[in-house]
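Start counting the sequence shown at 1; every next residue gets the next number (UniProt numbering). Presented below is the structure to which this report refers.
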Amino acid sequence: MAEFRSCIFDTGLVQLPSTGCPFTWHNCSEGTRSLWKRLDRMLVNEAWLEAWPDSSYICALPSTSDHSPLVLTGTHRDAEHAIFRFDNYLARQPGFLELVTNIWTPYSRDSYVRSCVQIESS
Numbered sequence: 001m002a003e004f005r006s007c008i009f010d011t012g013l014v015q016l017p018s019t020g021c022p023f024t025w026h027n028c029s030e031g032t033r034s035l036w037k038r039l040d041r042m043l044v045n046e047a048w049l050e051a052w053p054d055s056s057y058i059c060a061l062p063s064t065s066d067h068s069p070l071v072l073t074g075t076h077r078d079a080e081h082a083i084f085r086f087d088n089y090l091a092r093q094p095g096f097l098e099l100v101t102n103i104w105t106p107y108s109r110d111s112y113v114r115s116c117v118q119i120e121s122s
């Protein structure tokens with residue numbers, strides 16, 4: 001482990017700030033055998049931080065794995081000047097809004113926080 005930490009230090013990597021669940025791994029047991037640990041992190045270099053200064057990640061709850069997905073968030077520095085375009089014809093297609101809602105609802109920040117509060121209170 002010391003060699004790994006030395007490698008991280010030598011390469012100038014730093015951990016991004018995170019929100020959501022404080023743990024990234026669960027042993028899939030219940031009751032007194034339940035065990036949560038923080039095993040996974042997102043590490044970036046200085047070039048990343050210059051390009052993505054407000055980047056962070058959300059630790060979501062695990063679903064199909066014993067590890068939590070890490071969801072990267074942030075805006076590229078050059079994106080502040082980017083032009084956003086949306087073709088309205090897409091929104092007029094049958095089922096479009098329902099499709100977008102079904103895809104994005106499980107990934108809303110509120111659902112992560114709510115799930116973490118449930119874990120902490122159990």
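Yeah, the Cβ is synthetic: ideal placement off N, Cα and C, and Gly gets one too.
Distance, residue j Cα to residue i Cα
i	j	result
N45	P94	44 Å
K37	F86	41 Å
T73	S29	30 Å
P62	P69	6 Å
T24	S18	11 Å
G20	A91	31 Å
Own chain partners of residue i with C-beta closer than 7 Å, once the 5 adjacent residues on each side are dropped
i	result
residue 123	The chain is shown only over 1 to 122; residue 123 falls outside these bounds and no answer can be derived.
P53	R77
Exposure label - residue i; buried when at least 16 CB within 10 Å
i	result
Y89	exposed
G12	exposed
G31	exposed
C7	exposed
Cβ of residue i within 8 Å of any chain B Cβ
i	result
G31	The structure shown contains no chain B; it holds only a single protein chain.
Neighbourhood of residue i by C-beta, 6 Å cutoff - its chain only, sequence neighbours within 5 removed
i	result
N27	L35
Inset, instruction - Starting from the N-terminal side, write out each stretch of the beta strand (DSSP E) that is 3 residues or longer and does not extend beyond the region 20 to 74. - result: 56 to 59, 70 to 73
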